[in-house]
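Heads up: the structure comes next, in structure tokens.
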Amino acid sequence: MKAFFPKEHDSENRVSLTNDVVTKYLSIGVDISMEKDLGTHLGFSDSDFSDLGVNVVEREEGLSSADIICSVNKLRNEDLDLLKEKALIVSFLDPFNEMDLVNNLKEKKLSSISMELVPRITRAQKMDALSSQANLGGYAAVLIASNILSKSFPMMMTAAGTISPSKVFVVGVGVAGLQAIATAKRLGARVEAFDTRPVVEEQVKSLGARFVKIDIGETEETDQGYAKELTPEQIEMQRAGMKKVCSSSDVIITTAQVFGRPAPKIITSEMIEDMNPGSVIVDMAVGTGGNVEGSVPNENKELNGITIVGNTNLPGEVAIHSSQVYAANIFNLIEEFWNKETKILEINEEDEILSGCLVTHEGEFINSIVKEKFN
Ligand code: NAD
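Letter 214 of the sequence shown, counting from 1, is numbered 214 in the numbering used here, and no numbers are missing.
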């Protein structure tokens, strides 16, 4: 079987193939090709790849001859027209929002794996691209905020007086939030954090940050560890409980997400108006609706002197490392289902991982939520 790694569309600077996985692919017998100039912008030259055994080809040739096509973001409909019958595409697909694309995949009898839907079970941890990217995103969010903020993060005792540490408030403590806390702590900030899942309190404390306790009544989480949506009353209680912490924070990083739903709107314009001018908010959920009133995807907005960062591709700020871990996630997924004897990727719809992340296969929807959405 042949795997092809195309260049990404738009401004995406991450890539799906890095040098370190090439030999792994070749060792299990995957024939790999990539689009010309795939990683030039990151300093990975075509010859670096071809010296290792990758065929460097034009996009059309790659798309039309491959059995497996791996990318970071979804292919476009015009790309699909070039693919071989029954080809498998592997990428972030955003399947709950990209109904047209997903329907087109089914109609064309293409198989598709959505990296967002890889189940959070132990066997699939090495393929968990949501986590690998969120981790680096959390790190980048703190660095961006610290660059915009005209204050130092650490406390400094100098001959000219003492500089107090900056205050960072992290809202939503999943993978991205934990890394944001750890990064802000390493930089010397005083860090506070809140999450609706009470289990998070211990993790926040273990990183040396303070957990902000807010009583919002009963909260639930799914068997995969995702938070369930709060009621409008609970969101109001949360806002009221966070108001004081927000107003005294120099930096707020929001990462709150609810699986398969728009992000909860937690920080209102009113709460932002109470903050000190010069403060910074990074809305890491801006791509799924935003946690912050007034945040705009891929823009930095200002409200009363407060900067609201709406970067939708924070992992892309550290694209070499985010590409490296993403490329490893994809390889691990392919290797898991690769038959080394026949050199074929075997799709078993009953497998716990594939039944979760396979969106379309042989003209059918497979993932149960996608199936339900189309019914
Ligand atoms: P996520 O991106 O879905 O959400 C980010 C955080 O926002 C979550 O912690 C969630 O509880 C929180 N949140 C939701 N609504 C909120 C609100 N109104 N206010 C404040 N916070 C709110 O989360 P994630 O990073 O994907 O992680 C979810 C959990 O899954 C974490 O506990 C993580 O450690 C766990 N996890 C497990 C595995 C595994 O393989 N078992 C892998 C990755 C993550």
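Beta carbons are placed, not taken as given, at the ideal position from N, Cα and C, and that holds for glycine.
- For PHE211, the shortest separation between its Cβ and any heavy atom of the ligand NAD does not lie below 7 angstroms.
- Relative to the non-hydrogen atoms of the ligand NAD, the Cβ of ASP195 comes within a distance shorter than 7 angstroms of at least one.
- Taken through DSSP and simplified to helix, strand or coil, MET284 comes out as coil.
- In its chain, beyond the 5 residues on either side, LEU314, GLU317, VAL318 have a beta carbon closer than 6 angstroms to the beta carbon of ALA140.
- The Cβ atoms of LEU117 and ASN298 lie no closer than 8 angstroms to each other.
- Here the alpha carbons of GLN238 and VAL370 stand approximately 31 angstroms from one another.
- Here LYS228 is actually not in contact with ALA209; their C-beta atoms are around 24 angstroms apart, not less than 8 angstroms.
- In the structure shown, the three-state DSSP call for GLU201 is helix.
- Across the structure, SER248 and MET242 are spaced so that their CA atoms are roughly 10 angstroms apart.
- Taking all protein chains shown into account, ARG190 has 16 or more neighbouring C-beta atoms within 10 Å of its C-beta and is therefore buried.
- Nearest Cα to ILE113 within the set GLU78, ASP81, MET127, PRO232: MET127.
- Within the same chain, Cβ atoms closer than 8 angstroms to the Cβ of SER164 are found at MET155, the five residues on either side in sequence being excluded.
- Fully contained in the segment 95-163 are the following beta strand (DSSP E) runs of length 3 or more, in chain order: 111-114, 156-158, 161-163.
- Judged by DSSP in its simplified three-state form, HIS361 adopts strand.
- Distance check between PHE4 and each of LEU88, ASN300, SER47 places LEU88 closest, using alpha-carbon atoms only.
- Following the DSSP letters along the chain, one finds LEU80 inside the alpha helix (DSSP H) bounded by residues 77-80.
- Here ALA176 is not near GLY225, since their CB atoms are 8 angstroms or more apart.
- One Cα belongs to SER146, the other to VAL168, and the distance between them is close to 10 angstroms.
- Remark: the shortest separation between the CB of LEU230 and any heavy atom of the ligand NAD falls under 7 angstroms.
- Leaving aside the five residues that flank ALA263 on each side, the residues in its chain whose CB is nearer than 7 angstroms to its CB run, in chain order, ALA256, GLN257, ALA285, THR288, GLY289, GLY290, ASN291.
- In this structure the segment 262-280 lies against the segment 299-308, because at least three pairs of beta carbons, one per stretch, are closer than 8 angstroms.
- Sixteen is the threshold: when 16 or more other Cβ atoms of the shown chains lie within 10 Å of the Cβ of HIS361, as they do, the residue is buried.
- With a cutoff of 8 angstroms on beta-carbon distance, LEU187 and PHE153 are scored as near each other.
- Under the three-state reduction of DSSP, SER269 is assigned to helix.
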